[in-house]
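Using the working numbering, the final residue of the first sequence is 669, and nothing's skipped along the way.
Working notes, beginning with the structure itself.
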Amino acid sequence: MTIQALKGFKDILPDEARLWQHIEATARDILHRFGFTEIRVPILEKTELFARSIGEATDIVEKEMYSFTDRNGDSISMRPEGTAPVLRAFIEHGLQTRLPVQRLYTLGPMFRHERPQKGRLRQFHQLSIEVLGLDHPRLDAELIAMAWLILEELGLSTSLQINSLGCQACRPAYKAALVDFLSSRQDLICEDCQRRSQSNPLRVLDCKSSHCQEQYETAPAILDHLCPDCAGHFSQTKTSLELLAVPYAVNPFMVRGLDYYTRTTFELITDALGAQSAVGAGGRYDGLVAQLGGAKNMPGIGFALGLERLVLLLGQQNADACPETTTDLFVAALGEEATVKAFPLVHLLRRQGLRVAMDLEGKSLKSQMKQADRACARFVLILGAEELARGEAVLRDMTSKEQQTLPLAGEPEAVCARLIETITTKEP
RNA sequence: GUGAGCGUAGCUCAGCUGGUGGUAGCACCGGGUUGUGGCCUCGGAGGUCGUGGGUUCAAGUCCCAUCGCUCACCCCA
């Protein structure tokens, strides 16, 4: 058996890589319009960072992290998400002293040891976006609108669900009310929910069993238990979204898998990816910076886009969203003498900025024309023995099929310049 | 961690009640066109039938095990 990639680890082959580049370029462009700058953070961090931010009792920390002991005895983990490392860097370098509001994004691989399936891998990629230092609800709306715009410019249509999870002041009381409600119906709900009502009570609310959902219709809703501040924040977030014409649906049962979320949470959902419906999600995490040892009262909000899921969606919606990579010129040399002459000429043309290809092993002209065609070459320069003897070359326009003879006299730089001039004047 | 489906060429797949691995399509290489791409045509190369064991005169086909992939549960981007 030949060696294969690890389970849940995937190669991104050239055809697909073009789609990735398109997605990344589109997103970066929009992020820059919104004043975001890139930050790059390590893939390995101390395990404690994730335990303290994501939450000890979450599935991610409990059973999905790639954790191991470093040679010096530290427990380290491959990052399962991007927010914690970015916040660690923010705190470590005191970034808030440079700008009161930091708008940051990072892009790269995340690792979770889950069973792979459609749209879910063990190494996957996220575009992770964070804003630190501002808790105004208008920011919540702006960020959501930006996520919406990224998907829109990619040509993807999704639906947006939002919710508020309250804050340190109001969530505990709500949680208690919910636990109370659940304990009175233990015999009416599924086993999973019975288990979840102990481990993570909020989670029961998005149970897929219709029987359970019937019970939860009368369950206490978080939105009815928000403190005045949180209620005001949520209501302003909604009106701000309306000002930006971003269509949303309030889903009072939407829960997030990471413990650090407070107040606004949201998900961008598609029905085209099987079981993995969220292509992007995020929310506010006002207590997190303090929790990680940073400044008190340092609010934050962020979201992540799942790049594999965007690639899947884009791949099925419009297979050729990206233009083919093309070649400006293919130099077809016939025979050793011509090839030796063409070789440095090609290098020179490339130094001048042209996308140039040639066959290095002296194949037949037919074969080289075929290669030129496959490379989508706009022009082919044919250098044969006959032309060489006359000090000429033939330039073929692959679109119009017109051919013309070009003199090769003079310094290579001059030949090169004439060639570039001829090509650029002929191009549409 | 649990469940189901599937493993035959680089890819997509035929292969019937077991009887010699497919002239299959796409892709690749070469010829037809002795120096001109796409289309056409002819040819070529490419395989431990995932792996190991069992049943049988005979296994791609049946049985068992194992590995891998996929989808779903769970969870999540």
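Backbone N, C-alpha and C define an ideal beta-carbon position, used for all residues, glycine too.
Computed from a prediction, not measured in an experiment: that's the story for all the values here.
{"Query": "Local conformation of Q364 per DSSP, three classes", "Result": "strand"}
{"Query": "Rounded straight-line distance, which links the Cα of P648 to that of R637", "Result": "14 Å"}
{"Query": "Of the listed residues K251, A325, A618, Q367, nearest to L373 (C-alpha basis)", "Result": "A325"}
{"Query": "Element boundaries [beta strand (DSSP E), containing E633]", "Result": "633-638"}
{"Query": "Proximity to C657 [Cα-Cα], best of Q645, G594, A618, R619", "Result": "G594"}
{"Query": "Where the alpha helix (DSSP H) through Q454 begins and ends", "Result": "451-457"}
{"Query": "Segments assigned alpha helix (DSSP H), at least 4 residues, entirely inside the region 574-605", "Result": "577-592"}
{"Query": "Which residues DSSP lists as bridging Y346, in chain order", "Result": "E279, I370"}
{"Query": "Alpha helix (DSSP H) runs wholly inside the region 266-313, at least 4 long, in chain order", "Result": "288-295"}
{"Query": "Selection from H354, M306, K537 that minimises the alpha carbon distance to G335", "Result": "K537"}
{"Query": "Cβ distance (whole Å) where A616 is taken to contact L624 below 8 Å", "Result": "Not really, about 17 Å apart at Cβ, beyond 8 Å."}
{"Query": "Inter-residue Cα distance where the pair is T663 and V282", "Result": "47 Å"}
{"Query": "Nearest neighbour of Y526, chosen from L575, P442, G498 [CA to CA]", "Result": "G498"}
{"Query": "L229 burial status per 10 Å Cβ neighbour count (16 or more: buried)", "Result": "Because the chain in this structure spans residues 242 to 669, residue 229 falls outside the shown range and cannot be described."}
{"Query": "C-alpha distance - I301 paired with E508, whole-angstrom precision", "Result": "18 Å"}
{"Query": "Nearest-angstrom Cα separation, counted from L345 out to F475", "Result": "23 Å"}
{"Query": "DSSP three-state assignment for C563, whether helix, strand or coil", "Result": "With a pLDDT of 42 at C563, under the threshold of 50, the predicted position of this residue should be treated as unreliable, though the coordinate-derived value follows. Correct three-state label for C563: coil."}
{"Query": "Start-to-end residues for the beta strand (DSSP E) that takes in V520", "Result": "519-525"}
{"Query": "Contact check, L423 vs V496, beta carbons under 9 Å", "Result": "no"}
{"Query": "Among R269, D569, Q532, M351, nearest to S308 - alpha-carbon criterion", "Result": "M351"}
{"Query": "Nonlocal neighbours in the same chain, by C-beta distance under 7 Å from C471, ignoring five residues either side", "Result": "S405, G407, C408, C411, R504"}
{"Query": "Those runs of the alpha helix (DSSP H) which lie wholly inside the region 358-437 and span at least 4 residues", "Result": "378-394, 412-424"}
{"Query": "DSSP three-state assignment for R619, whether helix, strand or coil", "Result": "strand"}
{"Query": "Three-state secondary structure assigned by DSSP to E652", "Result": "coil"}
{"Query": "E257 - DSSP class collapsed to helix/strand/coil", "Result": "helix"}
{"Query": "Identified DSSP bridge partners for I317", "Result": "K287, F309"}
{"Query": "Sub-9 Å separation of L589 and E654 beta-carbons", "Result": "yes"}
{"Query": "Whole runs of the beta strand (DSSP E) within the region 486-522, excluding any shorter than 3 residues", "Result": "503-510"}
{"Query": "Cβ neighbour criterion (16 or more within 10 Å) applied to V445", "Result": "buried"}
{"Query": "Alpha-carbon spacing of D252 relative to Q477, whole angstroms", "Result": "44 Å"}
{"Query": "Straight-line Cα distance separating S294 from A531", "Result": "10 Å"}
{"Query": "Reduced DSSP category for F250 - H, G, I as helix; E, B as strand; rest coil", "Result": "coil"}
{"Query": "Local conformation of L570 per DSSP, three classes", "Result": "strand"}
{"Query": "Between the CA atoms of A630 and L260 - distance to the nearest angstrom", "Result": "46 Å"}
{"Query": "Among P413, D315, Y457, nearest to I430 - alpha-carbon criterion", "Result": "Y457"}
{"Query": "Beta strand (DSSP E) segment containing L340, residue limits", "Result": "Counting along the chain, L340 falls outside any beta strand (DSSP E), and DSSP gives it neither H nor E."}
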